[in-house]
Structures are given as structure tokens and as C-alpha cells.
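Please read the structure below before turning to the comments.
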Amino acid sequence: MVSVKLPDGSQRDLPSGATASDLATSISKALVKNAVAAKVNGEIVDLFRPIPEAAEVAILTKKDDEALEVLRHSAAHLMADAILRIFPKAQLTIGPVVDDGFYYDIYLPDYRISPEDFVKIEEEMQRIAKEGHAFVRTEADDGLADEAYHRYKQIDGGNNQFKQEIVDDLLARGATLSFYQHGDFIDLCRGPHVPSTSFLKNVKLTSVAGSYWRADASREQLQRVYGTAFFSKQDLQEHLRLLEEAKKRDHRLLGEQLELFFFSEDAPGFPFFLPKGTTLFTILSDYMRGQLRLRNYHEVKAPLILSENLWHTSGHYENYLENMFFTKMKLRDEKLPDEIHDNVEEERPMAVKPMNCPGHCILFKSKLHSHNEFPLRYAEMGLVHRRELSGARHGLFRVQAFTQDDAHHFCTPEQVEGEIGMLIDFFAEVYGAFGLTDVRIELSTRPEKSIGSDDMWTKAERALTSALEAKKVNYVLNKGDGAFYGPKIDFHIRDVLKRSWQCGTIQLDFSMPERFELRYVGPDGDRHIPVMLHRAAFGSLERFLGIIIEHTAGRFPFWLAPVQVQVLPVSEKYNDYASKVTQRLVTAGFRTEANLRGDRIGYKIRQGSLHKIPYLLVVGEKEAGAKEVNVRSRETGELGAFSVPAFLERIEAEKLPPTLVTEERSSSSSLST
RNA sequence: GCCUACAUAGCUCAGUCGGUAGAGCACUUCCUUGGUAAGGAAGAGGUCACCAGUUCGAGUCUGGUUGUAGGCUCCA
Numbered sequence: 300m301v302s303v304k305l306p307d308g309s310q311r312d313l314p315s316g317a318t319a320s321d322l323a324t325s326i327s328k329a330l331v332k333n334a335v336a337a338k339v340n341g342e343i344v345d346l347f348r349p350i351p352e353a354a355e356v357a358i359l360t361k362k363d364d365e366a367l368e369v370l371r372h373s374a375a376h377l378m379a380d381a382i383l384r385i386f387p388k389a390q391l392t393i394g395p396v397v398d399d400g401f402y403y404d405i406y407l408p409d410y411r412i413s414p415e416d417f418v419k420i421e422e423e424m425q426r427i428a429k430e431g432h433a434f435v436r437t438e439a440d441d442g443l444a445d446e447a448y449h450r451y452k453q454i455d456g457g458n459n460q461f462k463q464e465i466v467d468d469l470l471a472r473g474a475t476l477s478f479y480q481h482g483d484f485i486d487l488c489r490g491p492h493v494p495s496t497s498f499l500k501n502v503k504l505t506s507v508a509g510s511y512w513r514a515d516a517s518r519e520q521l522q523r524v525y526g527t528a529f530f531s532k533q534d535l536q537e538h539l540r541l542l543e544e545a546k547k548r549d550h551r552l553l554g555e556q557l558e559l560f561f562f563s564e565d566a567p568g569f570p571f572f573l574p575k576g577t578t579l580f581t582i583l584s585d586y587m588r589g590q591l592r593l594r595n596y597h598e599v600k601a602p603l604i605l606s607e608n609l610w611h612t613s614g615h616y617e618n619y620l621e622n623m624f625f626t627k628m629k630l631r632d633e634k635l636p637d638e639i640h641d642n643v644e645e646e647r648p649m650a651v652k653p654m655n656c657p658g659h660c661i662l663f664k665s666k667l668h669s670h671n672e673f674p675l676r677y678a679e680m681g682l683v684h685r686r687e688l689s690g691a692r693h694g695l696f697r698v699q700a701f702t703q704d705d706a707h708h709f710c711t712p713e714q715v716e717g718e719i720g721m722l723i724d725f726f727a728e729v730y731g732a733f734g735l736t737d738v739r740i741e742l743s744t745r746p747e748k749s750i751g752s753d754d755m756w757t758k759a760e761r762a763l764t765s766a767l768e769a770k771k772v773n774y775v776l777n778k779g780d781g782a783f784y785g786p787k788i789d790f791h792i793r794d795v796l797k798r799s800w801q802c803g804t805i806q807l808d809f810s811m812p813e814r815f816e817l818r819y820v821g822p823d824g825d826r827h828i829p830v831m832l833h834r835a836a837f838g839s840l841e842r843f844l845g846i847i848i849e850h851t852a853g854r855f856p857f858w859l860a861p862v863q864v865q866v867l868p869v870s871e872k873y874n875d876y877a878s879k880v881t882q883r884l885v886t887a888g889f890r891t892e893a894n895l896r897g898d899r900i901g902y903k904i905r906q907g908s909l910h911k912i913p914y915l916l917v918v919g920e921k922e923a924g925a926k927e928v929n930v931r932s933r934e935t936g937e938l939g940a941f942s943v944p945a946f947l948e949r950i951e952a953e954k955l956p957p958t959l960v961t962e963e964r965s966s967s968s969s970l971s972t
């Protein structure tokens, strides 16, 4: 007999050798139908594996996220099977599950798989799925001599060096080889899998891209075929719909349509901001400046270009060299004026700043500070330049010049925890103002490439941890992912494309104050080294703008919209009245423009709608006579006639970001759930 | 940086077999003076990304460069 404990706490006895499938049968028919895999003592296994004595068992059904991963892993096997049938020369490498699906890396040097091949592969997959083969697990108990291993070796030609490498690694580690077979296909795999290929009817191949064996550019080039799978057709269709929606929301596309920004071949990775994009940018920085004023920050401005020497002091030269822009001169030859000498080193070589901290250190050093001034918070909308690999650039998300809402806190070691607590609330309010609620906090510790003593790192990591614990926020630990000068807390925001972007960051730094020999006078009258805290909420204003564009699909909330109101005269006869109304709204502080062109009203409304302007005001004979405006809202359509003061009152209520309107927001932080 | 693909009017794209370039939108002008998502007409707009090569002839074929996209890597 095996006695199992179920998730609800109840016990159940089963004959020895019983499987999770037997368990499901003993519970209910519905469970049998929906069972996908089982979780035995926290480990996910196949339904048909025997349950050990006294185990805690949970049956995973189609509703569990973990079951979805099992399904997708099985789908990867199915796809590999189909690809081998169509391309017998293909060699399989690895096929893991990723965030929204799975991929399989295929070695097929003589043919390039393209999306046109997807239909064929999908049809083959459908066929295998319909055949309903069971997934059968075999273990090779006697290693390479095992029969299962030989069957497996033959599956893609018998000469698969990639699989051989994996097998060798596994055997070297003393692991047991396990294989999963469905129909004639067999693959090396830890499992688990769904019971049968009949679960795999809702699959879709999504893309194909290049990759390398073991992610090593000097190794073989592989073809990575991506796909996704769901239990139900509806889920698959919803996922595909979201992908389409995400494409439509692409900030690069919307940036062009809404006339916000663009890129030019002459400045790769450096955005050009059009007037409307600049307005948005200014609103972001004004909003942040308001927040900084409330929290006793002092705004400063440090130079863009500083001596190379300074970057040696800060440690950036050693650790960040590849990402920095350096200045070089061009000089005319003294004797031959047509001859120009390139890349002439200056006597004091200069570098463009990739970070603001050294500048702030120099600002700090401009006078002697007392502990009574602490915590001293220097803020800067700092424009930094960083070289990026050409293939890494991506719209506003990855640029080579960007503006950080940067700040540095100088404080005593005792003040660190309080500062971090303040920042956690601060950042929660900022993200909340933009309706960004999917925020993940990560604590990153000492990386391999780092400066500073062991003692310093231990102290710094402890300070961050205790601040997080004190605030009672959930966080993920990221070992070895800190900045080279100190550990950090990162704030990751998930966008509609389900990509996670690091926005906010809080970095503790005991090292830079030492390198720059920063000092303050303590209560004892002696000089001490301050603690320095680097922090940014948006991170990069450019990237944050990109996130906001995708998050809102370009339908910016009223307080952010570059044009808040557009006044549309029905015909040119009412242009004067439209101009007067516009002027009145502009004077009241609203971003308002009039469309005085000779187009018909329907056309003007279409134009205003396409630009996603929150309010369109139609004015004609009626309105001019009654001193009214006819309001059309982007969200709710036609609202009818308003007197100008009544409309002003309405928009006055929408003028501020949500956090500043509802007081209770700041106390109930969305991060502490 | 690596792999693959792409680059034609301001934008989105067509351009067959190698024979000096086309549409829609946008723009300009004119007509229309209008009531909640496209009124009509005319006009202007091109070093076919750039540099070489093949050819009598290149948007089209070949090579290189740059940029862009997707992915890898990097960064964080």
C-alpha cells in the first residue's frame, strides 16, 4: 500500500505501484479527463510513474501553469518528430520551454527553414497529434549499452554529435539517461510529458531564427524554430490575437503614426523627437521634477564630457570601456592643409559620460558637507551615451543616448535602510501614476567582475535585504547580477508584449565615495566616508516612454496626451470662434490646437481620432451662437453640448496623474501585495 | 559583434524575362462652406540606401558598405 497526501490535506491509500493516474481515477472521472501530469513531493512527473510511499501528490490539470509547460515541452517533441519526417537530414539538439511557448534548435546546414515551411510542419504535427500516441518513458539503466539508447541514436541518422555531447555530459555527471517515445519518435529527455500526443492539437509555429550550439558563436549555427501550444483552441486563438495586438502596439510604429519620434540612418540608435514626442518627454520629466521636489531632492547638472582620467578614478574605464564613447580630434597637417590626421589623441583625453555618478561626486566635493545635511539627494535628468552592439538596438527600448531620471543620495550607513524604504514607496507611486501594476522586484548581489572588499559587499547586501524585509515586499534574488560597484534592487515592469523591462534601480555603493575620497563631518567632528546610493525610477526616459506608448497603445491618458483637445470648426465660417475657444483653453493651461483646414467635419474628426486625441470639440453655427462646444470624447464618443466653462471644469478634473488625485494610493502600494 | 531577411516618393507598398519608375495615403493649388471616422479636380514629388562590378543597357544580376527587422550574444 502507498499512502498519499493530497493538496487539501486528506489522505488516500492506494495499492503499491499505483500511479498518479490511478490516483486520479480513484478521485473523479472529471479529474481523469483533465489530468495532465502530477506533482509528487514538489517534483513534476508523468501521470504514469509509480508514486513512492508517503508522498504528497497533486494532480496537475489543464488549468495549471505547470501543466502548460509540460504540454509545451511535449509539443517540442512533436515538432521535432514532424521536422525529422519532412527533413530527414535534420539533427536535433535541444528543445526547451520558454515564456510563451517552446523552441527546438535544429542542425540542418543545407537547408534554411522558413515560415513557408511552417504549414507543412504544422500539418504533420496535427496528423501525429490525431494519431494519439502515448508518451512512453524508458530509462537506460546500463548507460550506452541500453537498447533504448540505440533506438534513440538512430532517430536522426546515428551521427548526432550534439546529442552525443549532451549524453556524455550526463554520463559524466552520473545521471541516468531517460528517453521519451511517442510512435516511432524517441528523444533524450528528462520529462515529464503529457500522457498522449492527442493533447497536442492546439499548436502553432511562430518564428524561426538563428542560434548557436551552446550559445557559442564559434560553434555550429543552428536553426531555432519557435512554437507555442495550448490546451484549448480558444486559448491558442487568444494568444495569437494578443500577438497581433502587440504588433499593432509596437512603439516604433505608433511613434511614427502619432508623430512622436523617428530614427535616421545618420544617427543609429539615437532617436529624433518630433514636437509631440518632445511634449511627452517634457511631461515625463516635469512630472518627475514635481515628485523630486516633494521629496527634498536638489536638481543639478554635470557636464556631458569629462576627462578620461575621471573614469579611471570611478572604475568605469576598467569595467565599462566597451560601452563608452571617447573623443578624438582631427587635425590638419601643418604643411599639407589638405591632409587630415584622424583620431588624434588629445593631451588630456576626454570621454562622454555613460553614467552620472562621477559628475555628482565632483559636485559633492565642491564643498565640505556635514552629517546635518544628510541624506543629501542630488538629482539630474542626465543625458548619458552608451555604445550598444548594432544588433542590440531596438526602438526606444535600446538606444545609444538616453536621459536617466538619475539621483544620488549621500548618507550615513545608518540612513541607508530608511532611504531605501522611502524609494520603494516613491517608485510604487510613480509606476502607479502610469497604470503600470505588473512590477517585479529583484535583489542582485555581487558579480564576478567587481570592485570593493568582501566586507563592504556583505554589509551592502545586508542593508538592502533588511530594507526589503522591513517594507514586506516580495522580491526575487538574483545572485551575481549586481553592478560592479555594489548590490542593487531592480524594478522590472512587464509590457503588453510580455517582455520584462528593467526600469527602476536602487544601487548601493560603498566604493565610489572611497575612490573619489568623499568626506563629511560627523557629529564627532571627524571626517567620514559617506554611503552613496544610485537610483532611478523611470530608468531611461526614452525607454519608459516606449513602454507607456505600448501600454496605452498610444491612447495616452488626458494628463499625458501631447494634444489634449482639438477644436474643429464645421466650416471656415467658424474659424474665428474656434480660434477663440482654442486660445481660452490654451490660456487655462491645456494643450489645445485648432484644425482650421478646409476639410469637411467628418474628415477632421477622422484625423483627430487617428491621432488619438482625448477630446475633439466640434463648433459650428449653434455653438458659436450659444458660446458652447460640442464635445466628442475618445473613450465614450459624443457627449453633446457644453458651455466652455463647463468643459473646462470637466477637464480640470483630469489634469493630474491619478496618484496625486487619489490620496489613498500612496499608502496602499501596489508593490507590497 | 554573429546568423538570416529586407532597403523603390514624406508614409505603406507594386514594379513580370535586365530595356531610364507606378498606386494609395500625405503634401500644394483650385472648386465645394459643410454637423460627428475619408467631398471633388488638378499639380508637384525619385541619384530605386550607398560604393564597386557584370552587361550595349541594372530598381532588377554579383560583391562590398551602411541601416533596419527577427533571433543569438552582450548589457542591465
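If you read the first sequence in the numbering used here, its first letter stands for residue 300, the second for the next number, and so on.
Even for Gly, the Cβ is constructed at its ideal location relative to N, Cα and C.
Just so we're clear, the structure is a prediction, and the values are computed from it rather than from any experiment.
Burial state of residue i (16 or more Cβ within 10 Å)
| i | result |
| --- | --- |
| S613 | buried |
| G924 | exposed |
| D632 | exposed |
| D345 | buried |
| E849 | buried |
| M628 | exposed |
| V396 | buried |
| T475 | exposed |
| I639 | exposed |
| R745 | buried |
Separation of residue j from residue i, as counted between CA atoms
| i | j | result |
| --- | --- | --- |
| P856 | P602 | 35 Å |
| V301 | A317 | 8 Å |
| S749 | S743 | 13 Å |
| P868 | T886 | 19 Å |
| R1001 | I485 | Outside the displayed range of the chain (300 to 972) lies residue 1001, so it cannot be described from this structure. |
| L553 | T851 | 11 Å |
| S942 | V928 | 6 Å |
| K778 | E741 | 10 Å |
| S839 | G845 | 10 Å |
| F478 | A447 | 7 Å |
| L735 | R692 | 24 Å |
| W610 | E646 | 16 Å |
| Y730 | L763 | 21 Å |
| S315 | E352 | 8 Å |
| N618 | A782 | 10 Å |
| R834 | H707 | 6 Å |
| F837 | R931 | 33 Å |
| P648 | F624 | 11 Å |
| R489 | A374 | 15 Å |
| R899 | R905 | 10 Å |
| A514 | S810 | 34 Å |
| V502 | L469 | 30 Å |
Cβ separation of residue i and residue j, assumed to be a contact under 8 Å, to the nearest whole Å
| i | j | result |
| --- | --- | --- |
| I604 | V651 | 6 Å |
| A893 | S878 | 6 Å |
| R949 | K911 | Not confirmed; about 19 Å, so no contact. |
Span of the alpha helix (DSSP H), counted from its first residue to its last, around residue i
| i | result |
| --- | --- |
| S325 | A319 to I326 |
| G845 | L840 to T851 |
| L552 | H550 to Q556 |
| T757 | D753 to K770 |
| E423 | F417 to E430 |
| M628 | Run containing M628: none in the alpha helix (DSSP H); it sits in the beta strand (DSSP E), M628 to R631. |
| F461 | Q460 to A471 |
| N501 | Run containing N501: none in the alpha helix (DSSP H); it sits in the beta strand (DSSP E), N501 to Y511. |
| Y902 | I900 to L909 |
Residue i - containing beta strand (DSSP E), residue span
| i | result |
| --- | --- |
| P868 | V864 to P868 |
| Q703 | A700 to C710 |
| G803 | S799 to D808 |
| H481 | L476 to H481 |
| V738 | V738 to S743 |
Is the stretch 391-409 touching the stretch 516-525 in the sense that three or more CB pairs, one from each, lie closer than 8 Å?
Enough Cβ pairs lie closer than 8 Å, so yes.
Evaluate the contact criterion for the stretch 333-340 versus the stretch 384-403: three or more CB pairs, one atom per stretch, below 8 Å.
Cβ pair count under 8 Å is below three, so no.
Contact between the stretch 651-670 and the stretch 525-542: three or more CB pairs below 8 Å?
no
Would you check if there are 3 or more beta carbon pairs closer than 8 Å linking the stretch 569-583 to the stretch 720-729?
no
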